[in-house]
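Under the numbering used here, the first residue of the sequence shown carries the number 527, and numbering increases by one thereafter. Every residue, glycine too, gets a C-beta built ideally from N, C-alpha and C. Since the structure comes first, as structure tokens, the remarks are kept for the end.
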Amino acid sequence: MAVLKRLPIVYLIQDNGWGISATGDEMRTMDAYEYAAGFKGLERMRVDGSDFIDSYHGLTRAFEFVRNDRAPILVHAKCPLLGHHTSGVRKEWYRGDDLTNHLKDDPIIKLENFLLQTKLFSKKTE
């Protein structure tokens with residue numbers, strides 16, 4: 527309906543590559559970005575959801591698009607899964623090496639490193 531009526535909507539999909547206790551590869555044949563290709567008239571883009579700068583610039587472009595073109599867009603943000611899905615489904619029960627890989631893309635650590643490298647932020651020493 528958003529495409530048909532050309533509604534200025536930003537659909538932000540946070541994709542951590544997991545469903546409840548199963549990987550996305552085990553549960554689906556395509557991600558939301560690929561699926562959205564089937565909706566003629568729905569603009570779409572990918573952003574690195576673990577990277578603040580990439581996400582910020584991507585969403586800035588997405589909001590400019592919906593404001594100027596008065597049409598919907600889907601933004602697919604690939605993010606790490608760092609916590610638990612629910613209190614009843616603990617990550618330790620079903621996750622192995624992928625948790626270590628996801629921790630490498632921790633968005634808070636990546637943003638802190640960026641701020642330190644660009645000297646926009648400095649750690650206080652006691």
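Own chain partners of Arg542 with C-beta closer than 6 Å, once the 5 adjacent residues on each side are dropped: Looking at the sequence provided, one finds Asn at residue 542 rather than Arg. These residues qualify, in order along the chain: Cys605 and Leu607.
Taking only runs of the alpha helix (DSSP H) that begin and end inside the stretch 553-584, which ones reach a length of at least 4 residues, in chain order? 558-562
Opposing strand residues paired with Gln643 [DSSP bridges]: Paired residue(s): none; Gln643 is not in a bridge.
Ala603 and Arg532 closer than 8 Å at C-beta: no
Mind checking whether the beta-carbon of Asp551 lies closer than 7 Å to any heavy atom of the ligand FMN? Of the ligands one can find in the structure shown there are none, so the ligand FMN has no counterpart to examine.
Per DSSP, which one or two residues make a beta bridge with Val601? Leu538 and Met571
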